[in-house]
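According to mature numbering (1 follows the signal peptide of the UniProt record, and there is no 0), the residues represented by the sequence shown are -20 to -1, 1 to 137, in order.
Have a look at the structure below, then the notes.
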Amino acid sequence: MILHYLTCFTWLKMAEVAAAETPPSVTEKSPNNRDSVLARVETEKRLALVKAWEENEKAKIDNKAYKKISAIGSWENTKKSAVEAQLKSIEEKLEKKKEEYAERMKNKVAQLHKQAEERRAMIEAKKGEDFLKIEETAAKFRSTGYTPKKFLGCFGS
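In structure tokens form, the structure reads like this:
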């Protein structure tokens, strides 16, 4: 878009050029023709001034609109940048929280595994104790020749 301003000086120049482009004919020398030629020149001068004024006003409107559109474009870019920065910040926070929760879950799984191992160890220890107790009882029965009363609980004696 070409930006230009026309000044009053330019208006006058354009009017002079328009008047110079339409010289009165050489054969017309009468005062009546002279008045009509002067009136025509004056009219053309006025029309040239109006045209120059119109172009100047249109240029002003174009410039004003261009400035406003540029301002809106820069405003939009600023707001976009702010929103993108905010989005990036939120994404970073979410990623950090995700990592924290993943670490917590790993710790919970490790704790559960530890508890399960402890329980297994306790059950194995109890099983070993029960085996020893049964072996001692069986050895006692063998040495005394006594038969246990409850051989199978469902067949009772």
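A virtual CB, placed ideally from N, CA and C, is assigned to each residue, including glycine.
(1) How is CYS(-13) classed by DSSP in three states: helix, strand or coil?
(2) Between VAL21 and TRP33, what straight-line distance do the alpha-carbon atoms span, to the nearest angstrom?
(3) Mind checking ALA28: buried by the 16 CB within 10 Å criterion, or exposed?
(4) Rounded to the nearest angstrom, what separates LEU92 and LYS129 at their Cα positions?
(5) Tell me the rounded alpha-carbon separation between LYS48 and VAL17.
(6) Which of the three DSSP states is assigned to THR124 in this structure?
(7) So what's LYS129 in DSSP terms, helix, strand or just coil?
Answer, in terms of the structure:
(1) Interpretation of CYS(-13) is limited by its pLDDT of 44, a score under 50 that renders its predicted location unreliable; no figure is taken from the coordinates.
(2) 18 angstroms
(3) buried
(4) 43 angstroms
(5) 46 angstroms
(6) helix
(7) coil
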